[in-house]
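If you want our numbering, it's the position in the sequence shown, counting the first as 1, plus 50. Don't be surprised by glycine CBs; every beta carbon is placed ideally from N, CA and C. In this text, all values refer to a predicted model and were calculated from it rather than measured experimentally. Quick notes on the structure that follows.
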Amino acid sequence: MINVKSLKFNADEKLLDYIEKKVGKVEKFFDNLGDIDVTLSLLPEAENKCVKLQTHMPGEDLIIERNARTFEDAVTEAADALKEKIVRAKEKKFAK
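Structure, rendered in structure tokens:
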């Protein structure tokens with residue numbers, strides 16, 4: 051399940067759908083993945099947007115934070131990084 055929290059602003063439906071689509075793909079990579087918490091915030095410098103993804107795999111908490119000019123770019127970068135981190139953690143776990 052994906053939980054979205056926007057700090058000090060209201061995310062529009064289009065952005066929420068985009069997050070659901072991008073972050074939802076990450077859930078396919080590991081069966082026992084916990085809820086994915088998505089936190090959206092605005093950074094004061096240079097109108098940057100910040101996206102933080104947090105989830106839990108058995109034995110490990112995964113936290114990814116990315117900044118970009120748009121929330122869509124930040125979500126894409128964070129989702130890709132989270133996917134890579136899950137794949138690496140899974141390979142490490144099954145290599146034992």
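In this structure, the CA atom of I114 is about 15 Å from the CA atom of G84. Restricted to the region 86-122, the beta strand (DSSP E) segments that are unbroken, complete and at least 3 residues in length are 86-92, 99-107, 110-118, listed in chain order. The three-state reading of DSSP puts K58 in coil, since its state is none of H, G, I, E or B. Taking 8 Å as the cut-off, the Cβ atoms of L90 and L57 count as close. Here N53 is bridged, per DSSP, to D87.
The closest CA to that of M51, considering only A61, D81, E63, N60, is found on D81.
In this chain, the alpha helix (DSSP H) harbouring K75 covers 63-76.
Nearest Cα to L92 within the set A61, K143, E70: A61.
Check the Cα spacing between E77 and each of V137, D67, E97, T120: the tightest is with V137.
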